[in-house]
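Engineer:
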Amino acid sequence: KNEEAVSFSQYPRPADTPQMNSDLPDLKDIKVMGYSVRSWDYRYTLWLGFNPKTFQVNVSDVHAGELYVLADDPTEDNNVYSDFDHSVMKNMASLPP
Amino acid sequence: RETRNVLFIIADDLRTSLGCYGDSVVKSPNIDQLASKSQVFLNAYAQQAVCAPSRTSMLTSRRPDTTRLYDFNSYWRVHSGNYTTLPQYFKDRGYFTMSVGKVFHPGIASNYTDDYPYSWSTPAYHPPSFRYEKKKVCKGEDGKLHANLLCAVDVAEQPGGTLPDLESTDKAVQLLKSRANKDDPFFLAVGFHKPHIPFRIPQEYLSLYPIEQMTLAPDPDVPKRLPPVAYNPWVDVRKRDDVQKLNISFPYGPVPEDFQLRIRQYYYAAVSYMDAQVGRLVSALDDLGLTNTTVVVFTSDHGWSLGEHGDWAKYSNFDVTTRVPLIFYVPGLTAQYDWLGESTFPFIDVLTQSEYHFKYDTVRRQLVELVDVFPTVSHMAGLRAPKPCADVSFQEELCTEGHNLAYTFQHVETG
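Line by line, the protein sequences are chains A and B. For the first sequence, the working numbering gives the first residue as 1, with consecutive numbering after it. For the second sequence, the working numbering gives the first residue as 98, with consecutive numbering after it.
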């Protein structure tokens, strides 16, 4: 109970740019999975390569990232991902699920 | 331990646009009244913001990477693992379990049976009028019928003279009456179709939200630094007849401002219409003398973006699309038992009565998830919560990837 509470969500995409099936791609078309962790202070999302046949995510295949600092940006409009060094988070992403 | 009945209510695409979540525009007196006698989780999140993956995840208490359901096209029992569902868990422990409306996502995602007979004691009920939901049943300004996004209707003129959520509420009340005097406890799940698009709703609810009082989303533009992969182009909205006439460019839009205001007006009206059905349902508990013995859970499968970030859909990881209402009424715990026969949840007609003012007495601000619902409902109803899953649990039929939130009902939140 002393751990900081977080929530996780994910969303699949068929491509790096919006397509007609970006909203709801069929499993066979999924190429990227956006994994999010949300805490009280931030929402961090990595869009990673995904193999729909093996269900494996490639944590070294980072397509994009999002970082929202919620105290300053509660509506998630200012993505500051590129302003930070992400080596620590990328290492965390390589941990088993 | 004493077992309690469960009334599990799930709305479709309902974000936290409720009075009890601080929304000052919406009128949701019946849910606010339920919340005032419940524990309200202010920061609850879905695991994937689309119907079938979210519902399957919540009802099995497994994350999408364990159900391996990211679209609408497979049944978890044959696709990933024979996971026990929340209603199945109750059914296996002597409950009579019933499904009304959209609880599981219909179709192959629930084996075309809503997972009957695993999850339910009797085949699931679906409102017959839902077959018209996407048809040309909305009267346009030209007097003809269209398949519109904005579809306020005279219910009497609709096919069958009714709407799906009206039918579902009637059926649910009928089932409650049939179970009121039985010895075995019940688990009744009621899935409302609104405020999902199209906004086919009784026209009188529009009057609650005069268009001149509607405002745009605080951030109606696509954020400049949003990576393209994170954006979704809300194709389902674009397909509706009235939206097609707007000739909105693909993929980024935008929607004309006057139409944005109308979408927001209709969404809020759909919430009030759904709120009225919740009011009818929980007031029936009162009438049947069941409020002292029934846990009520109210939630949604995910949220919906009402123009924030230039988006008009779910299908993303944004807060507005993943955050959901989560409300637990537990008699004797979140509210005192009613021994005097007074009404706990009298129906509030939002069209004629003043607003209900929610008091923030029993809210929790900590982050929780929809995978927490299964163990928490089980515990609060008097069953044991399933044990936590191992890191990899494809072979485990019964376990939870969530947390039992029961401790939150008895401890003051700090920090």
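Ideal Cβ placement from N, Cα and C applies to all residues, glycine included. A quick note: this is a predicted structure, and the numbers were derived from the prediction, not measured.
Less than 7 Å between the C-beta atoms of Leu285 of chain B and Met371 of chain B, yes or no?
Structural biologist: Cβ atoms of Leu285 of chain B and Met371 of chain B: not closer than 7 Å.
Engineer: Determine whether the Cβ of Gly49 of chain A lies closer than 7 Å to any Cβ atom of chain B.
Structural biologist: By this cut-off, Gly49 of chain A is not an interface position.
Engineer: Could one say the Cβ of Asp416 of chain B lies closer than 7 Å to chain A's Cβ atoms, at least one of them?
Structural biologist: Closer than 7 Å: yes.
Engineer: Just how far apart, CA to CA, sit Asn389 of chain B and Leu260 of chain B?
Structural biologist: Near 31 Å, if we compare the C-alpha coordinates of Leu260 of chain B and Asn389 of chain B.
Engineer: What do you get for Val509 of chain B, buried or exposed, if any count of 16 or more other CB atoms within 10 angstroms of its CB means buried?
Structural biologist: By the 10 Å Cβ count, Val509 of chain B comes out exposed.
Engineer: What separation, rounded to the nearest whole angstrom, lies between the Cα atoms of Ser397 of chain B and Met155 of chain B?
Structural biologist: Looking at the two C-alpha atoms, the distance is approximately 10 Å.
Engineer: CB-CB under 6 Å to Tyr222 of chain B, same chain, minus the five flanking residues each way: which ones, in chain order?
Structural biologist: Here the set comprises Val197 and Lys268.
Engineer: Give me the Cβ distance between Leu273 of chain B and Leu382 of chain B, rounded to the nearest whole Å; I'm assuming they're in contact under 8 Å.
Structural biologist: Yes, they are in contact, since the Cβ atoms of Leu273 of chain B and Leu382 of chain B sit about 7 Å apart, within 8 Å.
Engineer: Suppose the cutoff is 6 Å on Cβ atoms and the five residues either side in sequence are ignored; what does the same chain contact list for Gln145 of chain B look like?
Structural biologist: Answer for Gln145 of chain B: Ser151 and Pro161, listed in chain order.
Engineer: To the nearest angstrom, how far is it from the Cα of Tyr412 of chain B to the Cα of Asn278 of chain B?
Structural biologist: Those two C-alpha atoms are separated by around 43 Å.
Engineer: Measure from the alpha carbon of Gln463 of chain B to the alpha carbon of each residue in B:Pro443, B:Gly116, B:Gly400 and B:Thr511, then state which is nearest.
Structural biologist: Cα-wise, what sits closest to Gln463 of chain B is B:Thr511.
Engineer: Taking the alpha-carbon positions, what's the Leu516 of chain B to Arg377 of chain B distance?
Structural biologist: Look at the range of chain B in this structure, 98 to 512, and you will see that residue 516 of chain B is not part of it.
Engineer: Are the beta-carbon atoms belonging to Ala206 of chain B and Ala149 of chain B less than 7 Å from one another?
Structural biologist: Closer than 7 Å, so yes.
Engineer: Taking the C-alpha atoms as reference points, what is the distance between Tyr426 of chain B and Leu502 of chain B?
Structural biologist: Whole-angstrom Cα-Cα distance: 13 Å.
Engineer: Rounded to whole angstroms, what is the Cα-Cα separation between Ala366 of chain B and Cys248 of chain B?
Structural biologist: In a straight line, the C-alpha of Ala366 of chain B is about 11 Å away from that of Cys248 of chain B.
Engineer: Closest to Phe296 of chain B by CA distance: which of B:Leu323, B:Val234 and B:Asp318 is it?
Structural biologist: When only C-alpha atoms are compared, the closest one is B:Val234.
Engineer: Anyone know if the C-beta pair for Leu139 of chain B and Val460 of chain B falls short of 7 Å?
Structural biologist: Yes, these two residues count as a Cβ contact at 7 Å.
Engineer: Please confirm whether Tyr209 of chain B has its beta-carbon closer than 7 Å to some beta-carbon of chain E.
Structural biologist: Absent from the structure is chain E; the protein chains it does hold are A and B.
Engineer: In terms of residue numbering, what span does the beta strand (DSSP E) encompassing Thr391 of chain B cover?
Structural biologist: That run of the beta strand (DSSP E) goes Thr391 to Ser397.
Engineer: Assign Tyr457 of chain B to buried or exposed, taking buried as 16 or more other Cβ atoms, counted over all protein chains shown, within 10 Å of its Cβ.
Structural biologist: So Tyr457 of chain B ends up on the exposed side.
Engineer: Alpha carbon to alpha carbon, what distance is there between Phe506 of chain B and His476 of chain B?
Structural biologist: Rounded to the nearest angstrom, the two C-alpha atoms are 11 Å apart.
Engineer: Which one or two residues does DSSP pair with Leu403 of chain B in a beta bridge?
Structural biologist: Note: Leu403 of chain B sits in no beta bridge, so no partner.
Engineer: When you compare the CB of Ser22 of chain A with every CB in chain B, is at least one pair closer than 7 Å?
Structural biologist: Interface residue, yes.
Engineer: Along chain A, which residues have their Cβ under 7 Å away from the Cβ of Arg165 of chain B?
Structural biologist: In chain order: Phe55.
Engineer: Going by beta carbon distance, what residues of the same chain come within less than 6 Å of Asp211 of chain B, once the five residues before and after it are set aside?
Structural biologist: Closer than 6 Å at the Cβ level, and outside the excluded window around Asp211 of chain B, lie Ser196, Phe201 and Ala221.
Engineer: Compute the Euclidean distance between the alpha carbons of Asp72 of chain A and Asn78 of chain A, then round it to the nearest angstrom.
Structural biologist: Those two C-alpha atoms are separated by around 9 Å.
Engineer: Do you know whose CA, among A:Thr75, A:Glu66 and A:Pro74, lies nearest Tyr81 of chain A's CA?
Structural biologist: Of A:Thr75, A:Glu66 and A:Pro74, the residue nearest in Cα terms is A:Glu66.
Engineer: So Ile424 of chain B packs on Ser135 of chain B, CB below 8 Å; how close in whole Å?
Structural biologist: Ile424 of chain B to Ser135 of chain B, Cβ: 5 Å. Contact.
Engineer: Taking Cβ positions, are Val123 of chain B and Val489 of chain B nearer each other than 7 Å?
Structural biologist: Result no, Cβ atoms of Val123 of chain B and Val489 of chain B do not sit closer than 7 Å.
Engineer: Check Val147 of chain B in the structure and name its three-state DSSP category.
Structural biologist: Note: Val147 of chain B maps to coil in three-state DSSP.
Engineer: Less than 7 Å between CB atoms is the rule here; does Asp72 of chain A satisfy it with respect to chain B?
Structural biologist: Taking Cβ atoms only, chain B never reaches closer than 7 Å to Asp72 of chain A, which makes this a no.
Engineer: Where do the N-terminal and C-terminal ends of the alpha helix (DSSP H) with Ala88 of chain B fall, by residue?
Structural biologist: Since the first residue of chain B shown is 98 and the last is 512, residue 88 of chain B is not available in this structure.
Engineer: Tell me the rounded alpha-carbon separation between Cys496 of chain B and Ser158 of chain B.
Structural biologist: So the two alpha carbons sit approximately 8 Å from each other.
Engineer: Mind checking if Pro14 of chain A is an interface residue toward chain B, Cβ cutoff 7 Å exclusive?
Structural biologist: No - not a single Cβ of chain B is within 7 Å of the one on Pro14 of chain A.
Engineer: If I follow the unbroken beta strand (DSSP E) through Leu67 of chain A, where does it start and stop?
Structural biologist: Start and end: Gln56 to Val69.
Engineer: Restricting to runs no shorter than 4 residues, where is the alpha helix (DSSP H) found entirely within the region 268-345 of chain B?
Structural biologist: With a minimum length of 4 residues, the continuous alpha helix (DSSP H) runs that stay inside the region 268-345 of chain B are 332-335 and 338-341.
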